[in-house]
Structure formats: structure tokens, C-alpha cells
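Engineer: Attaching a single structure in C-alpha cells format; questions to follow.
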Amino acid sequence: MRKDHRPYYLKRFYQKFEKFYAHHFIKPQFEFFGRGVTFIKPWHVEVFGSPVKLGSLSTVIAASDKKVRFCIWSNKTDIKGISIGDYCLICPGVRISAASEIIINESCMIASGAYLTDSDWHGIYDRSFPVGNTKPVILEKNVWVGDSSIICKGITIGENSIIGAGSVVVNDIPANCIAAGNPAKVVKELDKSIELKTRANWLEDPSSLSRQFRELDRENLKGNTLLGWIRSIFFPKQSD
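The sequence shown runs 647 to 886 under the working numbering.
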């Protein structure tokens, strides 16, 4: 489809159903579930084990072909698990698997298909040994992890840094730089004279932002009808 044919009221109903589903079925699976969290297609989000914590005003986007998975599997007790800070963005297909501790600080963005793990998941020499070696993974504030990247155990990525698409990160990455490749290496430093704006800045007034989105939807969906939406599903035209 080239456009959304739903009438405005139908889209609002769908968004409210997503919110209901997330709070009724997904929220109980989290150790902590912040205020104003947004889930898109929450029925494609899977949570295994605990503890998993999700900060306020974060957004989790899933899809039928790219589920989001938060997984805790450990042979130890009292682990710290997965902690995701405020204002974060988790995109379709992201997998975060922890046996000890993964910390994602505020305003981080994890692009589609990225994988974060703090474990080998098997012993290197005794491969019947479950979990294997573990070391915490830490993403400092405002880190952006590119599409299909892999963040391996024991890694710290510094504040504001960007990991290029398809990278494999096996060594720490300093703050304020761009790293890419396999293994990922610093390819550029960010210009510190340019002010950085984060998701925290964007979401500093969530009520106002929500009103703006609603007004945009009203304008974009103006004139749409229920019959027109049904027609677009069963009898689509090239112009749809």
C-alpha cells in the first residue's frame, strides 16, 4: 500500500488496542516497565526469563517476520539481566540475550536485526557446557547500533557513538565516534562543536508530541472511510 486507507478513528482504536495488549500481556513479564512506553505490534515481542527492565518513554517496534526477543538464560542466580534505559528505541528483529548483565543506557537506538549478547553460550573446549564465559555489555547514553550489527560479550560502547550497519563489535568503542567493520574499528570521530540532540530531547514534552502526531494523523487520514479501507484490502488498485 502507498498510503494508509484507515479512517482516523480506526487507527486510534488500533493504537489503543496495542497499548492495552502491551500492558495486559507484555508488562507482567518485565521486572520494571516505565511510564509512557510505546509498543508497535506487541504480539510479536517475546520475553524469556528475568529480570528484564524497560525504561520510561521507550519505543519497541516488532514485526511478524522480525520479532523482538529479550532473553535471559543463566546457570547463576541473582543476575542483573537486561536493563534498558529511558527514551530508547528497539527496532524489529532485535535480539538481546543475557546470561549475566546487559545495560543499555538512555536514548540508545538499536536498529533492525541487531544482536547483543554477554555470553559465548557454550564452553569453548567443552561444548556440552551451557552458557560458557560471560562478561557484561554496556551501551552508554545515546549510542546508535546500526542494522544487523552484533555486539559481543564484554563490550562497552561510549556515549554518543555509532556502530555502522553489519558491524561485529569485539573490542570496546570510545565515546563520540563512528565504528564499522568486522571487527569494528573507529573510522571517524564526531565533531564535538556540533550540538547533539537525543531522543530525550525529542521526548521532553511527550504530551505535546502526542498531540502533534494525532493532528498529523487527522490531516493525513482525512476523507478516509471504512468502506474505502475495506475496498483497499480486498480490491486494491494500483493507486493504493
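Quick reminder that beta carbons are idealized off the backbone N, C-alpha and C, glycines included.
Check whether the Cβ atoms of Asn751 and Gly731 lie closer than 8 Å to each other.
Structural biologist: Yes, Cβ-Cβ distance for Asn751 and Gly731 is below 8 Å.
Engineer: What is the DSSP secondary structure of His651, counted as helix, strand or coil?
Structural biologist: His651 falls in the coil class under three-state DSSP.
Engineer: According to DSSP, is Leu700 helix, strand or coil?
Structural biologist: Looking at Leu700 - three-state DSSP - the assignment turns out to be strand.
Engineer: Would you report the Cα separation of Phe859 and Pro852, rounded to the nearest angstrom?
Structural biologist: Straight-line Cα distance between these residues: approximately 10 Å.
Engineer: Which of helix, strand or coil does DSSP assign to Ala708?
Structural biologist: Coil, per DSSP.
Engineer: Shortest alpha-carbon distance to Ala846 belongs to which of Lys726, Val777, Gly682?
Structural biologist: Considering only alpha carbons, the answer is Gly682.
Engineer: Rounded C-beta distance between Ala745 and Val791? I'm assuming under 8 Å.
Structural biologist: Not a contact, Cβ separation roughly 20 Å.
Engineer: With three or more C-beta pairs closer than 8 Å as the rule, is the region 834-848 touching the region 817-825?
Structural biologist: Yes: at least three Cβ pairs fall under 8 Å.
Engineer: Taking C-alpha atoms, which residue in Arg741, Val698, Lys662, Leu700 lies nearest to His690?
Structural biologist: Closest option to His690, Cα to Cα, is Arg741.
Engineer: List the whole-angstrom C-beta distance separating Ser704 from Tyr733, where the pair is believed to meet the contact cut-off of C-beta under 8 Å.
Structural biologist: At roughly 6 Å, the Cβ-Cβ gap stays under 8 Å, so Ser704 and Tyr733 are in contact.
Engineer: Apply the 10 Å Cβ neighbour rule to Thr780 and answer buried if 16 or more other Cβ atoms are within range, or exposed otherwise.
Structural biologist: Buried, since its Cβ has 16 or more Cβ neighbours within 10 Å.
Engineer: Please determine whether the Cβ atom of Phe678 lies at a distance below 7 Å from any heavy atom of the ligand ZN.
Structural biologist: With respect to the ligand ZN, the structure offers nothing, as it holds no ligand at all.
Engineer: Looking at the structure shown, is Glu850 part of a helix, part of a strand, or coil, going by DSSP?
Structural biologist: Coil at Glu850, not helix or strand.
Engineer: Just how far apart, CA to CA, sit Tyr654 and Ser839?
Structural biologist: Those two C-alpha atoms are separated by around 43 Å.
Engineer: Taking the C-alpha atoms as reference points, what is the distance between Leu762 and Arg715?
Structural biologist: Cα-Cα distance, rounded: 11 Å.
Engineer: Residues in its own chain within less than 6 Å of Ile725 by CB, not counting five upstream and five downstream?
Structural biologist: So the qualifying residues of the chain are Ser746.
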